[in-house]
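Number of protein chains: 2
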Amino acid sequence: MAVTIGEVAKAAGVSVSTVSRALNTPDLVNAVTRQRVKDAADRLGYAPNPAARSLREGRTESLGLLIPDITNPFFPPIFKAMQERAKRQGYTLLVADSDEREADELETIAAVSKKVDGLVLWASMLPEERLAELAARMPVVLVNRHVPGVVEVHVSLTDGIAQAAEHLKAYGHQQCVFVDGNGNRPDQSRSKSIREAFDAHGLGLIEIGPYEPRFETGVHAAPLVLAHGATAVLAHNDLVAMGVLHQLAALGASVPADVSVVGIDDTLLASVSTPSLTTIRIAPDEVATKAIDLLIGLAHGRQPAQPVTEVGSRLIPRGTTGPASRATFARRDDA
Amino acid sequence: MAVTIGEVAKAAGVSVSTVSRALNTPDLVNAVTRQRVKDAADRLGYAPNPAARSLREGRTESLGLLIPDITNPFFPPIFKAMQERAKRQGYTLLVADSDEREADELETIAAVSKKVDGLVLWASMLPEERLAELAARMPVVLVNRHVPGVVEVHVSLTDGIAQAAEHLKAYGHQQCVFVDGNGNRPDQSRSKSIREAFDAHGLGLIEIGPYEPRFETGVHAAPLVLAHGATAVLAHNDLVAMGVLHQLAALGASVPADVSVVGIDDTLLASVSTPSLTTIRIAPDEVATKAIDLLIGLAHGRQPAQPVTEVGSRLIPRGTTGPASRATFARRDDA
DNA sequence: ATGAAAGCGCTAACAA
DNA sequence: TTGTTAGCGCTTTCAT
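Protein chains in written order, with full-length UniProt numbering: chain A, 1 to 335; chain B, 1 to 335.
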């Protein structure tokens, strides 16, 4: 067992309460005693036992983050930023991956909830009532789910999508395809805001899906894009976009000469693809900071003024978008 | 505060020790009492307070995993597999990202070590003595670091590299470039085993680097590959390989017709690239399982028979490797 | 300014 | 088979 407060007390020739005070509320102890205690603590390599402290205080100084799938390259930067932010405020961040399965998510929450002071639930699969219940029992911040009365950070793609529409319009595109990869996840369909933005810019939009947000979805979608005679594709996310790029190449269509492609998320995939992928970026640091700050606030009993915090997005133009081809690939094929 | 063992005891009309026993060592209590206790516990939604249990038991039922950078797509599957494995044995896995900075790593270890029963340190940046010290104080499993006497899982690229050499040889390649992206990380240079394997197969090998393991390293390396007249590249990892692919395309060289490219790690990048990337795979589940099992063993006082456990690798042939071009790209350029 | 002691929730002696 | 109780390490009254 490690060194305890009692041993420090003995070494410094004071009582345990003095040690506790010297370390936690230094103003309450005489300067020389304080120094003596601190020296002893350093010398012995004392560190408070978090379990004892938690038991006494009823707080763990830890936060939990539940995400659907850490292998989705969208999440690691988020986690990293949250961990950073939490650490700066003296909290440890505990991540858990729910694998997008409701049962696993429940199990994980059960296992983790008692070990943390609050939870960030990202795109939870749980039904609304369950989330409401949970939020009534402990501090909870939802991301990309909406439950009335529960604190939420809402990642809005509106700006990024509008910019994408404008970008494609400026390049002369007229007919686009949106590859929906939302499956049947709650509260997250991107379809509506995309339709609105494209309508507003007078761009033709064909939606296909919903499918699962996988590479193969993009592969599947690519020939449909050509068949529809569209010159641009907006994919559900970067991974799907990569599938589109892959299959367009296999079909002999070049990007962006024949077809322009836009992703969503600005993951590592976007920057390493060839050509590099035009995509819509949500500032991971901003979401992370807001969610963590809100959660720590809740853990300290501070309810935010607004239950919903918005985080914006923007287009990152890269190499997969360009002028619309005069003849669509399909028609050119006929020639 | 949540429901305690005392409340369950009262509800069931028994003492707290009976509740504890009914839940932890059911054989020690009368069947009907046991049932009564369990019912009461369920009804009240009782879950033991982990802080109290930890304090009492001296164990946390948590494990820590320290990795250099979670945004490296190599790690998420590892984490996921470890979390899975740990969960199955009743442990919570706590990941922390050290950002490849020794100071951060130390700080993180300080923050986390008291909250867990043991640590998996992946490619730690700490000096050997520090690791030895730490391992003397608590259960530690090293991955990709070697410190005498400390339990270690060693990921061996030997098999995968040998298969890559054989694969390239069979395709008629004669001159290859290895892009070293190891920087100055301890114990992890891939150079030696690569040289040995290529020598053994009579393949010419030019090493460039060491650089940092980044996309830009691959971009930088691509023209050098052509300048050396090589027809194949083995990159430090998939990310570097992606850089090579990107820049080869920019230089007008096609893959695999002009140059074959092999990565290492078999990350998501490899499967989504165009063409898909031939790479060397280390089974993430195997490393994860071994490391976690070893660590849990140590936490229970079981020293492994062998301090070092080996995990192998194998080549995953995909679309970036093919027959060597008769004329190298550089020479063809002269024509 | 400092010390003594209670008590957070739990498990495991020890008693009965 | 069950109950009583000590004690894990810590913070915080309450005294002094």
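The C-beta atom is built at its ideal place from N, Cα and C for all residues, glycine as well.
- If you check the CB distance, Asp258 of chain B and Ser325 of chain B come in under 8 Å.
- The way I'd put it, the region 175-182 of chain A does touch the region 205-215 of chain A; three or more beta-carbon pairs between them come closer than 8 Å.
- Selection B:Ser156, B:Ile161 and B:Ala132 evaluated against Val147 of chain B yields B:Ala132 as nearest (Cα-Cα).
- For Glu196 of chain B, the secondary structure class from DSSP, reduced to helix, strand or coil, is helix.
- Note on Asn49 of chain A: 16 or more other CB atoms within 10 angstroms of its CB, so buried under the neighbour-count rule.
- Within the region 35-54 of chain A, the residues whose Cβ lies closer than 7 Å to some Cβ of chain B are Ala47, Asn49, Pro50, Ala51, Ala52 and Ser54, listed in chain order.
- Taking all protein chains shown into account, Gln247 of chain A has 16 or more neighbouring C-beta atoms within 10 Å of its C-beta and is therefore buried.
- Taking a contact to require three or more Cβ pairs closer than 8 Å, the region 70-78 of chain A and the region 27-36 of chain A do not qualify as touching.
- Under a criterion of Cβ atoms nearer than 9 Å, the residues of chain A adjacent to Val112 of chain B are, in order, Thr92.
- In terms of Cβ geometry, Ala288 of chain B and Ile78 of chain B form a close pair [threshold 8 Å].
- Rounded to whole angstroms, Ala136 of chain A and Ala2 of chain B show a C-alpha spacing of 12 Å.
- The region 291-298 of chain A and the region 255-272 of chain B do not touch, with fewer than 3 CB-CB distances between them shorter than 8 Å.
- Distance between Gly229 of chain A and Gly204 of chain A, taken at the CA atoms: about 11 Å.
- Not flagged as an interface residue toward chain B: Pro186 of chain A, since no C-beta distance is shorter than 8 Å.
- When C-alpha distances from Val219 of chain A are compared across A:Leu134, A:His201, A:Leu251 and A:Arg195, the shortest belongs to A:Leu251.
- Taking CB atoms only, Ile161 of chain A has no neighbour in chain B less than 8 Å away.
- At least 8 Å separates the CB of Leu65 of chain B from every CB of chain A.
- Between Ile292 of chain A and Arg85 of chain A, the C-beta spacing is below 8 Å.
- With respect to the C-alpha of Pro304 of chain B, the residue from B:Ile282, B:Gly64, B:Ser254 and B:Gly149 having the closest C-alpha is B:Gly149.
- Residue pairing for Leu121 of chain A: DSSP places it in a beta bridge opposite A:Leu66 and A:Leu142.
- Flagged as an interface residue toward chain A: Asp97 of chain B, by a C-beta distance shorter than 8 Å.
- The three-state secondary structure of Leu277 of chain B, taken from DSSP, is coil.
- Per DSSP, reduced to three states, the secondary structure at Asp97 of chain A is strand.
- In chain order, Val308 and Glu310 place their CB closer than 6 Å to the CB of His154 of chain A, counting only its own chain and leaving out the 5 sequence neighbours on each side.
- Taken through DSSP and simplified to helix, strand or coil, Ile296 of chain B comes out as helix.
- Contact between Gly160 of chain A and Arg281 of chain A holds: their C-beta atoms lie close to 7 Å from each other, under 8 Å.
- Taking the Cβ atoms as the reference, Ser113 of chain A lies roughly 6 Å from Met138 of chain A, within the contact range of under 8 Å.
- In this structure, the beta-carbon distance from Arg318 of chain A to Ser260 of chain A does not fall below 8 Å.
- Taken in chain order, the members of the region 228-242 of chain A whose beta-carbon sits within less than 8 Å of a beta-carbon on chain B are Leu239 and Met242.
- By the C-beta density criterion, Asp117 of chain A is buried, having at least 16 other C-beta atoms within 10 angstroms.
- Not one beta carbon of chain B lies nearer than 8 Å to the beta carbon of Pro307 of chain A.
- In the assembly as shown, Ser156 of chain A is an exposed residue. Its beta-carbon has fewer than 16 other beta-carbons within 10 Å.
- Of A:Asn24, A:Phe198 and A:Asp42, the smallest CA-CA separation from Glu7 of chain A is found for A:Asp42.
- For Val16 of chain B, the CB contacts under 7 Å within the same chain, skipping 5 residues up- and downstream, are Ile5, Gly6 and Ala9 in chain order.
- For Gly160 of chain B, the uninterrupted alpha helix (DSSP H) run begins and ends at Thr158 to Ala170, by DSSP.
- Under the DSSP assignment, Phe74 of chain B falls outside any beta strand (DSSP E); it carries neither an H nor an E label.
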